[in-house]
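S.K.: Just so you know, numbering that gives the first Met the number 0 puts 186 at position 187 of the sequence shown, and the rest follows in order with no gaps. Just so it is clear, CB atoms sit at the ideal spot from N, CA and C, and this is done for glycine as well. Keep in mind that this is a model prediction, so the values were computed, not measured.
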Amino acid sequence: MVFRALTMRWSQVEKLIHHRPAEWRINPRREFFHVSVDIAVEAVRECVLEVNGNDAWEAGKIHPIGGHDRVVLALEAGEVFMLLARPSLFDGGGWKPLDLWQSHADGDQLEIYAAGVPDEAAGLSDGDVGGDDDPVPHLDAAGSVANGVLIGRERLVPGDRILWMRDGEQPGTCKGVVFEAREYCQVACRTWNPQVSPEGMPLILNYLEREPSPAMAAVSQLTLRLPEPRTWFPRSAPREELTFPLPGSERWLPQLRLKKDRPSGRGRRSA
Numbered sequence: 000m001v002f003r004a005l006t007m008r009w010s011q012v013e014k015l016i017h018h019r020p021a022e023w024r025i026n027p028r029r030e031f032f033h034v035s036v037d038i039a040v041e042a043v044r045e046c047v048l049e050v051n052g053n054d055a056w057e058a059g060k061i062h063p064i065g066g067h068d069r070v071v072l073a074l075e076a077g078e079v080f081m082l083l084a085r086p087s088l089f090d091g092g093g094w095k096p097l098d099l100w101q102s103h104a105d106g107d108q109l110e111i112y113a114a115g116v117p118d119e120a121a122g123l124s125d126g127d128v129g130g131d132d133d134p135v136p137h138l139d140a141a142g143s144v145a146n147g148v149l150i151g152r153e154r155l156v157p158g159d160r161i162l163w164m165r166d167g168e169q170p171g172t173c174k175g176v177v178f179e180a181r182e183y184c185q186v187a188c189r190t191w192n193p194q195v196s197p198e199g200m201p202l203i204l205n206y207l208e209r210e211p212s213p214a215m216a217a218v219s220q221l222t223l224r225l226p227e228p229r230t231w232f233p234r235s236a237p238r239e240e241l242t243f244p245l246p247g248s249e250r251w252l253p254q255l256r257l258k259k260d261r262p263s264g265r266g267r268r269s270a
């Protein structure tokens, strides 16, 4: 296996991949292609971006995350995320921006896993123990297929929202997609093309190296006016000690479990 990656809407991705490289087919009736590895990998990434990128999500609505949902977003360089929270539902203070994130390379990936309890998730920005550990470092049970390089790990509490912003093709335009955590969630961001700052520092999810565009600022203001979340819990203090060990990779990627332990049903957006 030369290339393996985590994705969602996998059946759509697979169908698109088999239609995209038509000129590389050895026989129009057979599923065999003659193409270099680099071109094949790039074709897969383009298909993943088309199916799971910013343009594939509907704007103007809130996309809830809960249950068994595992959301995997395909990113392009320069896209910006705003993490929003309600400190209280009773003080009238409204939504507050907690953090700004940025994708630094085409092909970066943001993963959002619904968690059952708060102790299953950890965040680097929150100062949690385990917040710098990769929740899914490998894509196979044997640990021989490495996942992308982890560049960010954060946690969401019920009621948190993520605004995903991408500048449009036309100047002064921006598309914003909103996700809402209905349960506790584990967030991970990874790259296959690590970037560094001019000073030689690795660029991680929380490092904003660009100024958000005026169009992004306008979309952010509209998002701050959205109504209250469906569910809400206050954010907890940093966890300096673990009551229970953080879950292993099989918690977030059921394919790594023994067949008898895999769930019979999957979330609406399972990877």
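Use the C-beta contact count for Glu78: other C-beta atoms within 10 angstroms, 16 or more gives buried, fewer gives exposed.
M.R.: It counts as buried.
S.K.: Can you give the beta carbon distance from Cys188 to Gln108, rounded, assuming they're within the 8 Å contact cut?
M.R.: So it is a contact: roughly 7 Å between Cβ atoms.
S.K.: With a threshold of 16 other CB atoms inside 10 Å of the CB of Thr172, please say whether the residue is buried or exposed.
M.R.: Answer is exposed; the Cβ neighbour count stays below 16.
S.K.: Please classify Pro237: is it buried, with 16 or more other beta-carbons within 10 angstroms of its beta-carbon, or exposed?
M.R.: The residue in question, Pro237, is exposed, as its Cβ has fewer than 16 Cβ neighbours within 10 Å.
S.K.: Leaving out the 5 sequence neighbours to the left and right, which residues in its chain are closer than 7 Å to Thr230 when beta-carbon positions are compared?
M.R.: Cβ within range, chain order: Pro157, Gly158, Arg181.
S.K.: Distance check for Glu249 and Glu153, CA to CA, integer angstroms please.
M.R.: For Glu153 and Glu249, the distance between alpha carbons rounds to 18 Å.
S.K.: Where does Ser351 land, buried or exposed, given buried means 16+ other C-beta within 10 angstroms?
M.R.: Any question about residue 351 goes unanswered here, given that the chain covers just 0 to 270.
S.K.: Look at the alpha carbon of Gly65 and the alpha carbon of Leu155, and state the distance between them as a whole number of angstroms.
M.R.: The straight-line gap from Cα to Cα measures roughly 11 Å.
S.K.: Name the two residues that bound the continuous beta strand (DSSP E) containing Thr190.
M.R.: 184-190 is the span of the beta strand (DSSP E), which, as asked, contains Thr190.
S.K.: Starting from the C-beta of Ile16, find all residues in its chain whose C-beta is less than 7 Å away, skip the five residues before and the five after it, and write them out in chain order.
M.R.: Answer for Ile16: Ala42, Val43, Cys46, listed in chain order.
S.K.: From Gly92 to Ala76, what does the alpha carbon distance come to, in whole angstroms?
M.R.: Those two C-alpha atoms are separated by around 33 Å.
S.K.: Would Leu204 and Ile150 be called neighbours here (beta carbons separated by less than 8 Å)?
M.R.: Yes. Within cutoff.
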